[in-house]
Amino acid sequence: MERQAHNRRRNTPIRVRPRKAPQTPQPLSPPLSRRPSRPRRRPRAAAAAMLPLARTALRRLGPAAAGDGSLPARLLLLAPLASKPSSSTPPEYQMPSVTWGVIQGRRERLVSRVLALDFLRSAGVTDPAGELEAVELPSSLDVLQERLDFLLRLGLSTDDLSAYPFLLACSLRKNVIPVLSYLEKLGVTRARLAAFVRAYPACLHASVAVDLAPIVKALRGLDVDRQDIPRVLERYPDVLGLKPDGTISTSVAYLVGIVGVAPRDIGPMVTHYPFFLSMRVGTTIKPFCDYITSLGLPMRILARIIEKRPYILGYDLEETVKPNVEALLSFGIRKEVLPLMIAQYPSILGLPLKVKLAAQQYFFNLKLKMDPDGFARAVEKLPQLVSLHQNVILKPVEFLRGRGITDDDIGRMLIRCPQILLLRNELMKNSFYFFKSELKRPISELLEYPEYFTYSLESRIKPRYMRVASKGIRCSLDWFLNCSDQRFEERMRGDFIEGDAPGPSFTMGGKLQMSGNQLVSDDDNEESDDEVLYRRTVML
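What follows is the structure, given as structure tokens:
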């Protein structure tokens, strides 16, 4: 039978299929006019129908595969698809909160929020402004209790939390602890952390890498010493909210490039007065500098003043500076001496000047019979006079009265040299004793030249008097005291005694001009006129 089957296969004719015509190649991508059809999703009913097949497959695999009869994880995912009915209403549950990580429905969120607000009110955190309504509070009361206890242990009070309730929205592990650890690393002591957070609570919302570290790097770039960083932050915590490429860079660039502040002095300026870093150039710094220079003070002198006293930039131009200038003019101060007064005492621009001038003018008129014009001349020479306490003024006045000098003579002495009000009685006593015992000159000469008390007895009065007495020269106090050491040596080598010449004067142009063709020393030539003016006025 096998042989017959083999013969039948050999005698069967072989059928040859005809070749098909070559087809044109199809494009790899569908035409632009037609979009590729998306695969149709399997209906949920099909997923439900697969569950019995899956259970049957598990039973065939045996008890080892089925275990306790539960379905595998991949198959269990199909159960919600089959059991959840289709509806057009929006889902009740949303994505979990990034902050808390708890899935809650709308009803559960409302209930937990009411419980959280009641808990805070029971703990003493009030909400007079209604800001808690906008704060995202944690859903768990345990988490809220943990944050509240941490902030209270830090040193904050419930009043602080009521004033800034957004602190309760800061995560301890993501915000509070990293920021406080970074501040301690910079040098802010733990005892001052509560005051720091109280002054600038928004720092707990900041990121250390994105917000805080760039500010500290910018401060170091302004030549602020590392040990001075905590002082700057404690004095002005809001500096952490500034942008290095914003107000900080523009204010520093204007002070250095336009005003003329030395770059090496920016670091000490920031250490003593960091508030100018947040001042805008167009609305604060430039109008202030333009107004001061319009009074006659040179820009270069203003730059030197700002380097030493940067706090004058914080004086309000319209409410403080301009009213003070008008008050000075109304009390008889001459406009041409205003620049000299500002250079000598810049703080006069920020005082409640009108009240102080009225009080001091009445006091000098009552005690020394000084008229308003004489008081104005005294203030021009000593602007600090407006801030001196009356007890300080009476001490040198009582000393002069004890030496037999009348109130009228004391008033004239103060108009000529009000600086004697700043001297200590011990120094005045020693100078007066030397005047009576060694110089043996009449008291009238002392009334004509009260500046005698302002010179050092050991370094100027005694040595120069010995030189003058050795040569037998009879001269006035002004002649041998009111000159530099080089000029005094030139006078000692001269064959004649020249008359007293007036000292340096300050004009509106800002230049220090010497009257006449007087000789100056080489040391004086090394400094510019503006530097000499600043040294002679501000050093007081």
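Residue numbers (numbering that gives the first Met the number 0): 0 to 539.
Glycine is no exception: its CB is placed at the ideal position from the N, C-alpha and C atoms.
In angstroms with no decimal places, state the Cα-to-Cα distance between residue i and residue j.
i	j	result
L203	L239	11 Å
M278	A168	31 Å
S436	S430	10 Å
L151	T157	8 Å
Y272	L241	15 Å
L350	T319	8 Å
L420	V223	38 Å
Y451	M412	11 Å
D289	K428	46 Å
D148	L140	12 Å
S248	L387	39 Å
V396	Q360	16 Å
K394	P236	43 Å
L185	D227	10 Å
P449	R490	22 Å
F433	L426	11 Å
R146	L171	7 Å
L381	V391	14 Å
Q418	C482	18 Å
I265	T453	35 Å
Y199	A162	12 Å
P462	E317	52 Å
G245	Y310	21 Å
List the endpoints of the continuous alpha helix (DSSP H) containing residue i.
i	result
G220	A212 to G220
S443	I442 to E447
M369	Looking at the DSSP string, M369 is not in any alpha helix (DSSP H), and its letter there is neither H nor E.
S329	K321 to S329
S248	S248 to Y253
I300	M298 to K307
H204	That residue, H204, is in no alpha helix (DSSP H); it is neither H nor E in DSSP.
R230	I228 to R234
P177	I176 to L185
T292	K285 to S293
L269	In the sequence on display, residue 269 carries Val and not Leu. It spans I265 to H271 - the alpha helix (DSSP H) in which V269 sits, taken as one unbroken run.
L543	Examination of residue 543 is not possible in this model, given that the chain is present from 0 through 539 alone.
Please classify residue i: does DSSP put it in a helix, a strand, or coil?
i	result
N481	coil
M278	coil
V336	helix
I310	This sequence places Tyr at residue 310; Ile is not what is there. Correct three-state label for Y310: helix.
P137	coil
S469	helix
V385	helix
P351	coil
C474	coil
Y361	helix
D237	helix
L52	Unreliable placement is indicated for L52, whose pLDDT of 45 sits below 50; the coordinate value is still reported in the next sentence. Here L52 sits in helix by DSSP.
Y432	helix
R423	coil
K242	coil
S346	helix
R402	coil
V223	coil
Y545	As shown, the chain starts at 0 and ends at 539. That puts residue 545 outside it, with no answer to give.
V260	coil
I341	helix
K439	coil
V124	coil
D315	coil
Taking the alpha-carbon of residue i as reference, which of the options has the nearest alpha-carbon?
i	options	result
G256	N481, L316, A302 and V134	A302
L136	L327, R225, D159 and L166	L166
P267	R308, L294 and Y344	R308
A194	D159, L476, P371 and M340	D159
V260	P462, M298 and L438	M298
Q389	E379, D406, K355 and D370	K355
S206	K285, F487 and I176	I176
T405	E233, K368, I291 and G373	K368
S234	R263, R219, A208 and V187	Strictly speaking, residue 234 in this sequence is Arg, with Ser absent from that position. Cα-wise, what sits closest to R234 is V187.
R423	D408, L399 and F274	L399
K216	S455, A326, P243 and S329	P243
Report yes if the CB atom of residue i is closer than 9 Å to the CB atom of residue j, and no otherwise.
i	j	result
P322	L352	yes
L179	L192	yes
I347	A377	no
L221	V280	no
I305	L254	yes
G403	I442	yes
Y464	L445	no
G410	F362	no
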